[in-house]
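Residue numbers (our numbering), protein chains in the order written: chain A, 18 to 219; chain B, 2 to 153.
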Amino acid sequence: MTSVTSDDTGVGAASWERAAREFAAWRAGDPAGLDRLVRLLTPMLWHLVRAYGLDREAAEDVVQSTWLALVRNVDSVRDPQAVLRWTTTTARREAWRTAKAGRREDVAEPQTLDAALPPVGGPDATVLAEGTARTLWRHVAELPERCRRLLRVIAFEDRPDYASLSTELGIAVGSIGPTRGRCLDKLRGLLAADPEWSDRRD
Amino acid sequence: MTDDQMVLRAVHDMWESLDPVPVDLADRVLFTLQLEDLEFELMRLQEALAPMGARGAETASTVTFSAESLTVMVTVSDSGPHHRRIDGWIAPGGALRVELRTPRGVHETHADADGRFAFAEVPSGLVQIMIHPTNGATVPLHRPVVTPPVQL
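Written out as structure tokens, the structure is:
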């Protein structure tokens, strides 16, 4: 399988394979395949959509309409391997359009996030401790908006389609790679200079 | 993992921790996808005066949904320990056929000429309102409009 390579976060490639499998199962007549596909990809879609600064209600609407679009246009997804790319690209485009239309933008901003956040702390061991997450967030919040969005997208989507990202983020296709590098460098610098962060990580 | 991958992994985990996906979002998506006929317009949640699904307080909550051609304002209040009452108001007003989908079946009613309708006893859980094109109604609809499912 040459089209699937290792990803940045360690989650993308596995999702890609599973999404293809569930989609194929659903298309072959197993309705539970769609159920599993929706449960698998909805969290990823949520974070991609929220990267565009939509509030929670608007983000939910975009996730709903993305799935509806998939079921309505299922014949346009010829290859099961393409289903993850199809849904993430559709969700990001719709999120971008919705944000551009000025629909309740940017609740997930540094100054409002703290107030809007529910208490955290699920049983999931992979989720950062709340204190660590908040320390990291303080530094992410210092990055330019373009960096914050780009990093959130690539933290959740393995190898996003650069052509659509380019339109959505207003970055030339050729500049996405370098921008991503600069954003990561900047964040690393901020983290390295924060004793609170190194204490936690050591 | 490279340095970049570690930072991205931390960013990934940070977002999962600070901005978690609503726990029932996938359920609500699937509830909509169970509709047999997908030829409808999905309404957008326009305004929630009190969060739906926030249980406990006995106050009513009001939510407005909008489609291209109409909006519907829905007020949910308690009606006994396990049931809710739904009062709806479609604007522009018209005697449209209204369906309420629940996991246990579909309730149906007609709005009055002013667009008002009600479902007196709705079990708590997911519900979704569907407004249909209706003969004789003053509001012309080309296809049904459907709200996103909400938890009562």
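We treat Cβ as the ideally placed atom computed from N, Cα and C, and that holds for glycine.
Would you please verify whether the beta carbon of residue i is less than 8 Å from any beta carbon of chain B?
i	result
A:R110	no
A:T91	For clarity, residue 91 of chain A is Val in the given sequence; the question names Thr instead. False, the Cβ-Cβ gap to chain B never drops below 8 Å.
A:W154	yes
A:W113	no
A:Q81	yes
A:F173	yes
A:T59	yes
With 16 as the cutoff for other CB atoms within 10 Å, does residue i come out buried or exposed?
i	result
A:D175	buried
B:N136	exposed
B:E17	buried
A:A209	exposed
A:A142	Low confidence applies here, because A:A142 scores a pLDDT of 43, under 50, leaving its location unreliable and the question unanswered by this model.
A:A172	buried
B:A114	exposed
A:R165	buried
Does the distance from the C-beta atom of residue i to that of residue j stay below 8 Å?
i	j	result
A:Y179	A:W113	no
A:P97	A:A37	yes
A:R110	A:S192	no
B:V123	B:L142	no
B:M44	B:T139	no
A:R169	A:L186	no
A:L101	A:W154	no
B:L34	A:W84	yes
A:L71	B:V8	no
B:I87	B:F66	no
Cα-Cα, which of the options is closest to residue i?
i	options	result
B:R144	B:E42, B:R98, B:A68	B:E42
B:S125	B:L34, B:A96, B:G106	B:G106
A:T59	A:D47, A:R44, A:A45, A:A76	A:A76
A:D216	A:K117, A:E162, A:T152, A:D72	A:T152
A:T115	A:G198, A:S82, A:V100, A:N90	A:S82
B:E48	B:T63, B:L9, B:A27	B:T63
B:G89	B:T103, B:F32, B:H111	B:H111
Strictly under 8 Å for the Cβ-Cβ distance: is residue i near chain A by that measure?
i	result
B:M15	yes
B:T33	yes
B:S62	no
B:R144	no
B:G57	In this prediction, B:G57 has a pLDDT of 47, which is less than 50 and means its spatial position is unreliable; what the coordinates show is noted afterwards. Cβ-Cβ to chain A under 8 Å: no for B:G57.
B:L9	yes
B:D25	no
B:D115	no
B:L155	Nothing in the structure corresponds to residue 155 of chain B, since chain B is present only between 2 and 153.
DSSP has residue i in a bridge; who is on the other side?
i	result
B:W90	B:M74, B:R117
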